[in-house]
Amino acid sequence: MSPEDNLIRWGLFDPLRDILIRGSKCPRIKMSPYRLYFIGYFHLSIVEPSYYQGSCLNGGYIIKKSLKCICPPGFKGQFCETGCGVNSYGSDCKGVCSIQSDKMCRGMFMCTSYGCTCPTGLTGPSCNEDCTMGTYGADCKQTCSKHCLNNMCDQYTGVCLNGCSVGYILPYCRKN
């Protein structure tokens, strides 16, 4: 299936920029099992996951035709290997959610070319709950490396906090 064969298309004001929806009154959009894909100016397609293959890091996915990783909010890099950290978002991690250090991205819902989800490190119906121990990333859908000691990693980036099992290397406790 190609983007041109998709079920639905509709116009957007500016699809080249990430869309940030503020406030807890915004209803959560359940796109599963579909992904959003910007196909050009003013067009957004909904694509079935069978169109994607390959494996990028931190929940990213590859579009078969471009062989480029589409990263979830809060991650960047060729393979989505770099976490933005707290209070940041966007494909280059230069977006700032809030100038109030206590609020950060809490209570915000992010829609990007990756799809719609809570910001990295947060989950829940209003995107204001911290990830539980052992999970991280956009909507807390990623699990810490099984080689992180005590199953503890940073809820925003997935960096292992207490070191790694023997033979694995920080920051993500992967094989060399």
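Going by the numbering used here, 257 is the number at position 51 of the sequence shown; the sequence numbering is gapless.
Glycine is no exception: its CB is placed at the ideal position from the N, C-alpha and C atoms.
Based on the DSSP secondary-structure assignment, which residues constitute the bridge partners of residue i?
i    : result
K282 : T288
R312 : Note: R312 sits in no beta bridge, so no partner.
T318 : G321
K300 : Per DSSP, none; premise fails for K300.
I276 : Y267
I375 : R380
C370 : C354
Y295 : G301
Considering only C-alpha positions, which residue in the set the options is nearest to residue i?
i    : options                   : result
C277 : C370, A344 and S371       : A344
S294 : E287, R312 and Q284       : R312
C317 : N356, S297, K309 and Q306 : S297
L273 : V365, T363 and F285       : F285
G265 : G301, C354 and G364       : G364
Y320 : C262, R380, K381 and C379 : C262
H353 : P331, E335, Y378 and T329 : Y378
Are the beta-carbon atoms belonging to residue i and residue j less than 7 angstroms from one another?
i    : j    : result
T326 : G280 : yes
C359 : C346 : no
C324 : C333 : yes
G340 : L355 : no
G289 : Y362 : yes
M314 : V292 : no
Helix or strand or just coil, what does DSSP make of residue i?
i    : result
I245 : Reliability of the predicted coordinates at I245 is poor, the pLDDT of 44 falling under 50, and the value obtained from them is presented with this limitation in mind. Looking at I245 - three-state DSSP - the assignment turns out to be strand.
C262 : coil
Is residue i near the ligand NAD, judged by its Cβ being under 6 angstroms from some heavy atom?
i    : result
M316 : With respect to the ligand NAD, the structure offers nothing, as it holds no ligand at all.
Restricting to runs no shorter than 3 residues, where is the beta strand (DSSP E) found entirely within the segment 320-348? 321-323
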